[in-house]
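S.K.: In the working numbering, the protein residues as written are 39 to 343.
Glycine residues also receive a C-beta, built at the ideal position from the N, C-alpha and C atoms.
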Amino acid sequence: MEKKKVKIITHSGSFHADEVFAVATLKLMLGKDFEIEVIRSRDKSDWDSGDYVVDVGGVYDPSRQRFDHHQEGGAGARENTLQYSSFGLVWKHYGEVVSGSRDVARRIDERLVQGVDAIDNGQSISKSLIPGVRHFTISDYFTLLRPGWHESEHDYYKAFLEAVDFAGHLLQRLIVQTRGEVEAEAVVRKQIKTSPDKRVAEIDHNLPYESVAMEFPELLYVVYQDDENSWRIKTVRKSFDSFESRRPLPESWGGKVGEELGKITGVPDATFCHRQLFTCGAQTREGVMKMVETALKSLYKTSDV
39 MEKKKVKIIT
49 HSGSFHADEV
59 FAVATLKLML
69 GKDFEIEVIR
79 SRDKSDWDSG
89 DYVVDVGGVY
99 DPSRQRFDHH
109 QEGGAGAREN
119 TLQYSSFGLV
129 WKHYGEVVSG
139 SRDVARRIDE
149 RLVQGVDAID
159 NGQSISKSLI
169 PGVRHFTISD
179 YFTLLRPGWH
189 ESEHDYYKAF
199 LEAVDFAGHL
209 LQRLIVQTRG
219 EVEAEAVVRK
229 QIKTSPDKRV
239 AEIDHNLPYE
249 SVAMEFPELL
259 YVVYQDDENS
269 WRIKTVRKSF
279 DSFESRRPLP
289 ESWGGKVGEE
299 LGKITGVPDA
309 TFCHRQLFTC
319 GAQTREGVMK
329 MVETALKSLY
339 KTSDV
């Protein structure tokens with residue numbers, strides 16, 4: 039059976055993360071059942087011929103598959119005031135279809151889409167705490183894919199399609215990981231709730247736990263088996279915005295390994311403790327549980343072990 043042909047139109051010239059991700063999202067939504075042609079143009083006749091038009095054309099009308107945000111007044115904003123770019127508009131209408139879940143689509147909007155939208159609309163969502171140093175963002179990465187003025191190769195169309203392929207792969211992986219995260223959270227939540235000591239939770243092998251841990255203010259440490267001969271303790275952070283632990287591990291453990299750590303902790307099979315005091319390990323469950331017991335009894339920086 040011959041595949042139906044579909045045209046996705048965006049603007050020519052330089053490209054940015056928002057239309058790259060918008061086109062990638064549409065390609066994932068359409069899937070392999072369509073023969074997709076991506077056209078980059080600023081010609082109105084091309085816009086009029088497109089089945090989907092993103093980031094160009096001055097129209098936001100999902101009933102006509104038009105997803106631009108450059109028109110006067112923009113294309114709306116979320117309740118948190120972050121305005122929509124072409125990526126956000128496409129994700130708003132097709133994110134649930136692509137990800138298979140409203141919850142997964144919402145999380146990806148918060149984790150990826152809103153940051154891309156903010157940068158494209160010139161809205162600041164973070165600031166550097168160290169002069170001259172800032173985070174390298176996914177939008178920065180796509181800027182690197184654009185041919186530079188000093189390069190002999192200036193094939194923007196080829197570079198754009200390569201960027202779209204990368205964005206599509208990233209979205210697929212993010213969807214897979216986020217689905218797994220949602221499934222894991224239900225398991226972790228149950229394990230925390232049923233723990234006899236509300237300050238400690240033993241969870242299945244390295245399940246993502248941090249978002250659930252924030253729901254339990256008493257929780258200080260998470261314990262899990264890392265591999266056959268390795269058990270791990272991790273501290274619970276005070277918040278997602280801070281690396282500060284609710285209860286750091288004892289200060290005297292920091293940076294110690296092997297026999298030296300074993301003498302300090304009284305656990306012969308202790309293996310290591312990170313110098314920042316947020317994780318440590320032992321070879322056995324008995325070993326890490328004894329380390330947890332010692333850490334709970336210690337009063338950090340006052341009666342440290």
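Are any of the Cβ atoms in chain D nearer than 8 Å to that of I176?
M.R.: Absent from the structure is chain D; it holds one protein chain and no more.
S.K.: Starting from the Cα of K236, find the closest Cα among T216, P288 and V260 and give me that residue.
M.R.: Within the sequence shown, the letter at position 198 stands for residue 236. When each option's Cα is compared against that of K236, the closest is V260.
S.K.: Which one or two residues does DSSP pair with S283 in a beta bridge?
M.R.: In the sequence shown, counting from the first residue as 1, residue 283 sits at position 245. Looking at the DSSP assignment, S283 forms a beta bridge with R275.
S.K.: Excluding the 5 residues flanking A62 on each side, which residues of the same chain have their C-beta closer than 7 Å to its C-beta?
M.R.: Taking the first residue of the sequence shown as 1, we reach residue 62 at position 24. Excluding residues within five positions, the ones whose Cβ falls inside 7 Å are V202, A205, G206 and L209.
S.K.: Identify, in the order they occur along the chain, each residue of the same chain with its Cβ nearer than 7 Å to the Cβ of R78, setting aside the five sequence neighbours on each side.
M.R.: Taking the sequence shown and counting its residues from 1, one reaches residue 78 at position 40. Around R78: T48, H49, S50, Y195 and F198.
S.K.: Taking the alpha-carbon positions, what's the Y132 to D84 distance?
M.R.: On the sequence shown, position 94 is the one that residue 132 refers to. On the sequence shown, position 46 is the one that residue 84 refers to. Looking at the two C-alpha atoms, the distance is approximately 23 Å.
S.K.: Just checking my contact of S123 with D56 at CB under 8 Å: how many whole Å lie between their CB atoms?
M.R.: Here the question's residue 123 lines up with position 85 in the sequence shown. Here the question's residue 56 lines up with position 18 in the sequence shown. With 8 Å as the limit, S123 and D56 qualify as a contact, their Cβ atoms being about 4 Å apart.
S.K.: Going by DSSP, what residue range makes up the alpha helix (DSSP H) through E324?
M.R.: Translated into positions along the sequence shown, residue 324 becomes position 286. First-last of the alpha helix (DSSP H) with E324: R323 to K335.
S.K.: Count the other C-beta atoms from every protein chain shown that fall within 10 angstroms of the C-beta of H107, then say buried if there are 16 or more, exposed otherwise.
M.R.: Working through the sequence shown from its first residue, we reach residue 107 at position 69. With 16 or more Cβ atoms within 10 Å of its Cβ, H107 is classed as buried.
S.K.: Report buried or exposed for D264, applying the criterion of at least 16 other Cβ atoms within 10 angstroms of its Cβ.
M.R.: Numbered from its first residue, the sequence shown carries residue 264 at position 226. Its Cβ having fewer than 16 others within 10 Å, D264 is exposed.
S.K.: On the three-state DSSP scale, how would you describe E117?
M.R.: Indexing the sequence shown from 1 puts residue 117 at position 79. Correct three-state label for E117: coil.
S.K.: Could you check which residue in K42, E40, L315 and V92 has the C-alpha nearest to that of L24?
M.R.: Outside the modelled stretch of the chain, which goes from 39 to 343, sits residue 24, for which no answer is possible.
S.K.: Can W269 and G325 be called in contact, C-beta distance under 8 Å?
M.R.: Locating residue 269 in the sequence shown gives position 231, counting from the first residue. Locating residue 325 in the sequence shown gives position 287, counting from the first residue. Taking 8 Å as the Cβ cut-off, W269 and G325 qualify as a contacting pair.
S.K.: May I ask you to report which of helix, strand or coil DSSP gives Q215?
M.R.: The residue given as residue 215 occupies position 177 in the sequence shown. The answer is helix: DSSP assigns Q215 an H, G or I state.
S.K.: So, is V128 buried or exposed, given that buried needs 16 or more other C-beta atoms within 10 angstroms?
M.R.: What you label residue 128 is simply residue 90 of the sequence shown in a count that begins at 1. By the neighbour-count rule (16 or more Cβ atoms within 10 Å), V128 is buried.
S.K.: Could you give the C-beta distance for Q14 and N159, rounded to a whole number, given that I count them as a contact under 8 Å?
M.R.: In the structure as shown, the chain begins at 39 and stops at 343. Residue 14 is therefore absent and cannot be evaluated.
S.K.: Label V214 either buried or exposed according to how many other C-beta atoms from any shown protein chain fall within 10 Å of its C-beta, with 16 as the threshold for buried.
M.R.: On the sequence shown, position 176 is the one that residue 214 refers to. Flag for V214 reads exposed.
S.K.: Run through DSSP, which three-state label would K339 get?
M.R.: On the sequence shown, residue 339 is found 301 positions in, with the first residue counted as 1. Its pLDDT being 45, under 50, K339 is placed unreliably in this model, and the value from its coordinates should be taken loosely. Residue state, collapsed to three classes: coil.
S.K.: If you follow the alpha helix (DSSP H) that I176 is part of, which residue opens it and which one closes it?
M.R.: Along the sequence shown, read from residue 1 onward, the residue named residue 176 stands at position 138. Taken as a continuous stretch (DSSP letters only), the alpha helix (DSSP H) holding I176 covers I176 to L183.
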